[in-house]
Amino acid sequence: TKQIAIAIDGPAAAGKSTVSKIVAKELSFIYIDTGAMYRALTYKALREQISLTDEQKLSALLADTTIELVQGKDQQRVLVDGTDVTEDIRSSTVTNQVSYIAKHSSVRKEMVKRQQKLAQKRGVVMDGRDIGTQVLPDAEVKIFLKASVEERAKRRYDENVKKGFSSDFEKLKQEIEQRDQIDSKREVAPLVKADDAIELDTTDLSINEVAESILNEVKKAT
Ligand code: C5P
Numbered sequence: 003t004k005q006i007a008i009a010i011d012g013p014a015a016a017g018k019s020t021v022s023k024i025v026a027k028e029l030s031f032i033y034i035d036t037g038a039m040y041r042a043l044t045y046k047a048l049r050e051q052i053s054l055t056d057e058q059k060l061s062a063l064l065a066d067t068t069i070e071l072v073q074g075k076d077q078q079r080v081l082v083d084g085t086d087v088t089e090d091i092r093s094s095t096v097t098n099q100v101s102y103i104a105k106h107s108s109v110r111k112e113m114v115k116r117q118q119k120l121a122q123k124r125g126v127v128m129d130g131r132d133i134g135t136q137v138l139p140d141a142e143v144k145i146f147l148k149a150s151v152e153e154r155a156k157r158r159y160d161e162n163v164k165k166g167f168s169s170d171f172e173k174l175k176q177e178i179e180q181r182d183q184i185d186s187k188r189e190v191a192p193l194v195k196a197d198d199a200i201e202l203d204t205t206d207l208s209i210n211e212v213a214e215s216i217l218n219e220v221k222k223a224t
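Each residue of the sequence shown is one higher than the one before, starting from 3 at the first, in UniProt numbering.
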């Protein structure tokens, strides 16, 4: 396949990362999880007790932080300043705070810069909220994944059960709605479908059906 860029955006728990990994593997492309980068900074800020509303301190913190996405044995690992935080950044504390950090324009500016650098050589599948609109506006394929909040909460719930976490369905649903609300209403680079993105409602589709349909778009574009 031609080395193109595939941008996958959409609300929380819409299946972006699961599907992106499949598509990347199929095409032998690199998968870049931009949400993990915002999560990594949130994790470090919480640990250093920096207020999530203090934009100046947060952007200084980011300037002083290396975030690496590396391919581990069976999954991608996330390193902050060389330390593996792959599991830590998925905690509910980080999940429920990350959108406050992602609101700040100076933080986003630096993240976008780093993400664009990672995608420079193309041959990438990148997922997030602003990939098609800000990070890779010239991506050859842009997908906007959506699904009902009920279905997204159900998927997240099943995932948690599988991992052996107990979780409260109604609470999960509320947290997803809250995160979407903050991400969609923020002033800088809000979650919105790019004009030229293909919208896929995955509510009644299987993971493989979604992946197939994206691979089909890639075929058309290459
Ligand atoms: O994709 P994930 O759910 O891990 O993203 C976590 C959070 O990071 C999002 O809810 C959003 O606040 C922020 N984010 C963002 N822009 C991106 C990716 C993630 O603002 N490109």
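We treat Cβ as the ideally placed atom computed from N, Cα and C, and that holds for glycine.
Being a predicted model, the structure only gives us computed values, none of them experimental.
Distance cutoff 8 Å, beta carbons only. Does ILE216 sit that close to anything in chain B?
In the structure shown, chain B cannot be found, because there is only a single protein chain.
Nearest neighbour of THR55, chosen from ASP129, ALA155 and HIS106 [CA to CA]
HIS106
Every unbroken beta strand (DSSP E) within the segment 98-161, with a cutoff of 3 residues, ordered by chain:
126-130 and 143-148
Using a Cβ-Cβ cutoff of less than 6 Å, which residues in the same chain neighbour VAL96 once the five nearest sequence positions on both sides are dropped?
Excluding sequence neighbours, VAL96 sits near ARG41, THR44 and TYR45.
Report the rounded CA-to-CA distance for LYS195 versus LYS164, giving the unit in angstroms.
31 Å
Skipping 5 residues on each side, what residues in its chain have a beta carbon closer than 8 Å to that of GLN99?
A distance below 8 Å between beta-carbons, with the five flanking residues on each side excluded, links GLN99 to the following residues of its chain, in chain order: THR44, LEU48 and LEU54.
Can you tell me where the alpha helix (DSSP H) with LEU48 in it begins and where it stops?
36-49
Is there at least one non-hydrogen atom of the ligand C5P closer than 7 Å to the beta-carbon of GLY84?
Outside the cutoff, so no.
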